[in-house]
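In what follows, a structure is listed as structure tokens, so that the remarks can point back to it.
Number of protein chains: 2
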Amino acid sequence: MSDLLRVLAGETPERTPVWFMRQAGRSLPEYRELRVGTRMLDACLTPDLAAEITLQPVRRHRVDAAVFFSDIVIPLRLAGVEVEIEPGRGPVFAHPVRTASDVDRITAIDPADLDGTAIAEAVRLTVAELGDTPLIGFAGAPFTLAAYLVEGGPSKEHLRARAMMHADPESWAKLAGWLSRVSRRFLEIQRDAGASVVQLFDSWAGSLSAADYRTHIAPHSKAALDGIGLPSIHFGVGTGPFLADMKLDGIASAVGVDWRMPLDEAIRIVGPDTAVQGNIDPALLQAPWPVLEAHVRDVIARGRGAKGHILNLGHGVPPETDPDQLTRIVELAHGER
Amino acid sequence: MSDLLRVLAGETPERTPVWFMRQAGRSLPEYRELRVGTRMLDACLTPDLAAEITLQPVRRHRVDAAVFFSDIVIPLRLAGVEVEIEPGRGPVFAHPVRTASDVDRITAIDPADLDGTAIAEAVRLTVAELGDTPLIGFAGAPFTLAAYLVEGGPSKEHLRARAMMHADPESWAKLAGWLSRVSRRFLEIQRDAGASVVQLFDSWAGSLSAADYRTHIAPHSKAALDGIGLPSIHFGVGTGPFLADMKLDGIASAVGVDWRMPLDEAIRIVGPDTAVQGNIDPALLQAPWPVLEAHVRDVIARGRGAKGHILNLGHGVPPETDPDQLTRIVELAHGER
Numbered sequence: 001m002s003d004l005l006r007v008l009a010g011e012t013p014e015r016t017p018v019w020f021m022r023q024a025g026r027s028l029p030e031y032r033e034l035r036v037g038t039r040m041l042d043a044c045l046t047p048d049l050a051a052e053i054t055l056q057p058v059r060r061h062r063v064d065a066a067v068f069f070s071d072i073v074i075p076l077r078l079a080g081v082e083v084e085i086e087p088g089r090g091p092v093f094a095h096p097v098r099t100a101s102d103v104d105r106i107t108a109i110d111p112a113d114l115d116g117t118a119i120a121e122a123v124r125l126t127v128a129e130l131g132d133t134p135l136i137g138f139a140g141a142p143f144t145l146a147a148y149l150v151e152g153g154p155s156k157e158h159l160r161a162r163a164m165m166h167a168d169p170e171s172w173a174k175l176a177g178w179l180s181r182v183s184r185r186f187l188e189i190q191r192d193a194g195a196s197v198v199q200l201f202d203s204w205a206g207s208l209s210a211a212d213y214r215t216h217i218a219p220h221s222k223a224a225l226d227g228i229g230l231p232s233i234h235f236g237v238g239t240g241p242f243l244a245d246m247k248l249d250g251i252a253s254a255v256g257v258d259w260r261m262p263l264d265e266a267i268r269i270v271g272p273d274t275a276v277q278g279n280i281d282p283a284l285l286q287a288p289w290p291v292l293e294a295h296v297r298d299v300i301a302r303g304r305g306a307k308g309h310i311l312n313l314g315h316g317v318p319p320e321t322d323p324d325q326l327t328r329i330v331e332l333a334h335g336e337r
Numbered sequence: 338m339s340d341l342l343r344v345l346a347g348e349t350p351e352r353t354p355v356w357f358m359r360q361a362g363r364s365l366p367e368y369r370e371l372r373v374g375t376r377m378l379d380a381c382l383t384p385d386l387a388a389e390i391t392l393q394p395v396r397r398h399r400v401d402a403a404v405f406f407s408d409i410v411i412p413l414r415l416a417g418v419e420v421e422i423e424p425g426r427g428p429v430f431a432h433p434v435r436t437a438s439d440v441d442r443i444t445a446i447d448p449a450d451l452d453g454t455a456i457a458e459a460v461r462l463t464v465a466e467l468g469d470t471p472l473i474g475f476a477g478a479p480f481t482l483a484a485y486l487v488e489g490g491p492s493k494e495h496l497r498a499r500a501m502m503h504a505d506p507e508s509w510a511k512l513a514g515w516l517s518r519v520s521r522r523f524l525e526i527q528r529d530a531g532a533s534v535v536q537l538f539d540s541w542a543g544s545l546s547a548a549d550y551r552t553h554i555a556p557h558s559k560a561a562l563d564g565i566g567l568p569s570i571h572f573g574v575g576t577g578p579f580l581a582d583m584k585l586d587g588i589a590s591a592v593g594v595d596w597r598m599p600l601d602e603a604i605r606i607v608g609p610d611t612a613v614q615g616n617i618d619p620a621l622l623q624a625p626w627p628v629l630e631a632h633v634r635d636v637i638a639r640g641r642g643a644k645g646h647i648l649n650l651g652h653g654v655p656p657e658t659d660p661d662q663l664t665r666i667v668e669l670a671h672g673e674r
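Chains as they are written, first to last, in my numbering: chain A, 1 to 337; chain B, 338 to 674.
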């Protein structure tokens with residue numbers, strides 16, 4: 001069994017397994033070359049392209065896991081929602097979902113009808129090439145999807161989605177419940193095609209109060225993962241105030257930790273029954289290697305007290321990252337430096 | 338003495354004083370009308386315009402304080418730094434400050450040379466109209482200024498500024514120390530022209546770890562306020578993990594609290610010697626009044642345990658806010674609803 005799967009099964013491998021969120025993507029010259037002339041969502045839905053992009057960082061960095069190259073809005077696109085990724089901006093929806101009738105209209109789509117053919121094919125191609133390296137399946141969490149969908153695009157503090165929770169809690173629950181089923185379906189497609197781990201990304205959960213997270217979000221995120229039948233990682237940014245809730249009542253095998261909190265402090269909050277993933281500060285990828293090295297060694301040392309530790313960044317790889325810095329981190333984690 | 342000044346002096350007025358960050362600005366139709374044809378930074382530097390914009394929300398909402406209409410990059414512009422506000426984007430610098438020699442070049446400017454004539458004139462005009470209502474002077478904190486200046490514009494997680502702290506701590510300290518003196522000078526100009534409170538805005542401090550905040554930021558923010566001779570409010574967003582540090586060793590008269598934490602919890606962290614300001618969730622301004630009213634009543638009730646409480650939002654007024662919602666909050670705080 002690979003080191004990553006062993007950590008998620010509660011074992012303690014000798015080496016700390018490592019992968020990087022957004023390892024497949026803009027930091028790699030081979031990715032930028034491959035993407036020329038292809039729009040982001042089209043790349044995600046072209047099986048051989050998505051598979052190749054997923055494999056690139058595994059070959060280059062020798063990370064302990066591949067993460068399926070996709071975008072959190074892909075399941076919505078597959079459900080027939082009009083969405084495009086604007087370069088330099090992010091996902092933009094033709095029809096924001098703001099009113100009760102908007103919610104009624106979008107939730108009338110049955111997540112079971114989502115056409116997963118291209119995704120399943122991409123996952124199969126990837127897994128066939130990966131050998132023993134596990135593939136992590138990928139989905140956005142209901143709140144992060146809603147943060148885009150209600151606003152209609154990226155926003156700083158996700159005011160419209162957070163307003164809906166209080167102004168119209170019934171519509172909110174209906175929308176979040178539907179998004180949970182959409183994400184679940186997307187994860188199941190990846191699972192059935194050969195992914196061996198799933199990660200739920202709640203990148204924007206940090207704009208929520210702990211009370212709102214518990215009442216309006218956690219049950220929907222839990223439903224997306226509960227009973228999926230694979231080990232799972234639940235990731236958020238700025239979620240320090242409700243990190244224990246990110247365990248989703250013990251459903252998540254590992255909880256992601258951003259760079260704001262020392263990992264040993266996060267481990268005390270998460271407790272002895274759940275592994276952690278993180279928490280290299282992405283800002284330090286810009287620092288000279290000796291500075292970054294000292295930081296990574298500190299993270300690995302602080303991670304020793306956890307039930308299990310998967311080394312990763314506290315958020316995704318910034319596009320301007322020198323990929324050699326990532327390779328060095330892998331070598332360090334593997335005891336080759 | 339006004340209720341706001343009484344709270345900051347440690348007294349307990351009968352009514353909770355209230356004002357709103359960004360109350361002067363885009364949520365008001367009279368502001369949008371006045372700004373037609375004038376660029377943001379030019380408006381800030383035109384005394385009668387800046388004064389009128391500062392006064393508009395006081396007339397309309399009858400808030401307990403005016404906050405000087407300006408922008409955090411104004412002192413940099415006055416120091417000769419090339420910066421413009423791009424509508425819909427934010428401050429953009431012609432020459433980002435990224436290297437040691439960039440830092441040497443910008444810090445060669447003496448903050449004492451900053452030309453405060455237009456600012457002083459605007460403050461005098463404002464104070465003459467305000468009567469008993471206090472004017473809050475305004476400056477950006479060194480980290481938030483650096484977050485823009487090092488990046489060259491707005492950024493999500495302020496990677497370049499945070500990288501500099503670790504990659505070149507000497508240059509960082511030099512830059513942050515200089516920014517602290519620039520902000521201090523800007524506050525002094527407002528103080529000398531008649532402002533009776535100052536607020537230091539560290540809007541982006543929430544991207545920092547508590548350890549980085551303590552080591553690389555707090556001393557510089559403290560230097561900007563220490564000995565200023567006026568009551569002071571120190572505000573940040575997402576600063577829950579180091580809220581006690583935001584007191585700056587007791588220099589700040591009040592600490593701002595965003596919407597992420599219940600106010601009574603923040604008060605427990607801040608302790609009995611410092612007032613608090615906040616923490617209405619700006620998202621709820623979009624909710625129907627009964628929902629917003631219940632939230633505001635809850636915030637006021639939770640604030641009763643503080644040394645003193647200034648009612649405010651947890652962050653600035655969003656541009657799309659219905660100004661009547663703000664007026665209703667003032668009426669509620671003043672016992673007129």
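Even for Gly, the Cβ is constructed at its ideal location relative to N, Cα and C.
These figures come from a predicted structure and were not determined experimentally.
Whole alpha helix (DSSP H) elements within the region 547-572 of chain B, 4-residue minimum: 555-562
Beta carbon of B/Val410 nearer than 9 Å to that of B/Val420: yes
Within chain B, partners of A/Val291 - CB distance below 8 Å: His503 and Ala504
Beta-carbon gap between B/Ser508 and A/Pro262 smaller than 9 Å: no
Residues within the region 312-333 of chain A neighbouring chain B, beta-carbon criterion of under 8 Å: His315 and Pro318
Option in B/Gly514, B/Ser533, B/Ala431 and B/Arg518 with minimal Cα separation from B/Thr552: B/Gly514
A/Val63 vs A/Val330 beta-carbon contact at 9 Å: yes
Within 8 Å of chain B by C-beta, residues of the region 220-254 of chain A in sequence order: Gly238, Gly240 and Pro241
Near-chain A residues of the region 535-547 of chain B - C-beta to any C-beta below 9 Å: Gly543, Ser544, Leu545, Ser546 and Ala547
Neighbouring residues, chain B, relative to A/Leu159 (Cβ below 7 Å): Pro619, Ala620, Gln623 and Pro655
For B/Ala387 and B/Leu371, the rounded distance between their alpha carbons: 10 Å
Chain B residues whose Cβ lies nearer than 8 Å to that of A/Met261: Ser546, Ala547 and Pro578
Per DSSP, cross-strand counterpart(s) of A/Ala66: A/Leu135
Identified DSSP bridge partners for A/Glu84: A/Val92
Own chain partners of B/Met501 with C-beta closer than 7 Å, once the 5 adjacent residues on each side are dropped: Val487, Ser508 and Trp509
Nearest candidate by alpha-carbon position, reference A/His334, set A/Val317, A/Ile300 and A/Gly308: A/Ile300
Sequence-distant residues of the same chain with beta carbon closer than 8 Å to A/Pro13, five excluded per side: Asp3, Arg6 and Val7
Cβ pair B/Leu663, A/His166 closer than 9 Å: no
Whole-angstrom distance between B/Pro394 and B/Ala403, CA atom to CA atom: 8 Å
Per-residue contacts from A/Tyr163 into chain B (C-beta, under 7 Å): The question names Tyr, but residue 163 of chain A in the sequence shown is Ala. Ala620, Leu621, Gln623 and Ala624, listed in chain order.
Where the beta strand (DSSP E) containing A/Gln56 begins and where it ends: Element bounds for A/Gln56: not the beta strand (DSSP E) but the alpha helix (DSSP H), Pro47 to His61.
Whole-number beta carbon distance between B/Arg528 and B/Leu567, since they are thought to touch under 8 Å: 6 Å
Among A/Pro75, A/Lys307, A/Gly153 and A/Phe20, the one whose alpha carbon lies nearest that of A/Asp413: Limits of chain A in this structure are 1 at one end and 337 at the other, which puts residue 413 of chain A out of reach.
Beta carbon of B/Glu519 nearer than 9 Å to that of B/Ile473: According to the sequence provided, residue 519 of chain B is Val. The question's Glu does not apply to it. It is not a contact, given that the beta carbons lie outside the stated cut-off.
Below-9 Å beta-carbon distance, A/His295 vs any chain B residue: yes
Rounded straight-line distance, which links the Cα of B/Arg359 to that of B/Pro655: 8 Å
Option in B/Ala603, B/His495 and B/Val460 with minimal Cα separation from B/Leu392: B/Val460
Coil, strand or helix - B/Ala612 by DSSP: strand
Contact set for B/Ile554: own chain, Cβ-Cβ below 6 Å, skip 5 residues either direction: Phe480
Three-state class that DSSP yields for A/Leu313 in the structure shown: strand
Status (buried if at least 16 other CB within 10 Å, exposed otherwise) for B/Pro619: buried
Within 9 Å, strictly: CB atoms of A/Ala112 and A/Arg185: yes
Three-state secondary structure (DSSP) of B/Phe357: coil
CA nearest to the CA of B/Ala530, picked from B/Leu462, B/Glu657 and B/Leu537: B/Leu462
Under the three-state DSSP convention, the category B/Leu585 falls into: coil
Rounded Cβ spacing between B/Leu524 and B/Ile565 (contact assumed at less than 8 Å): 6 Å
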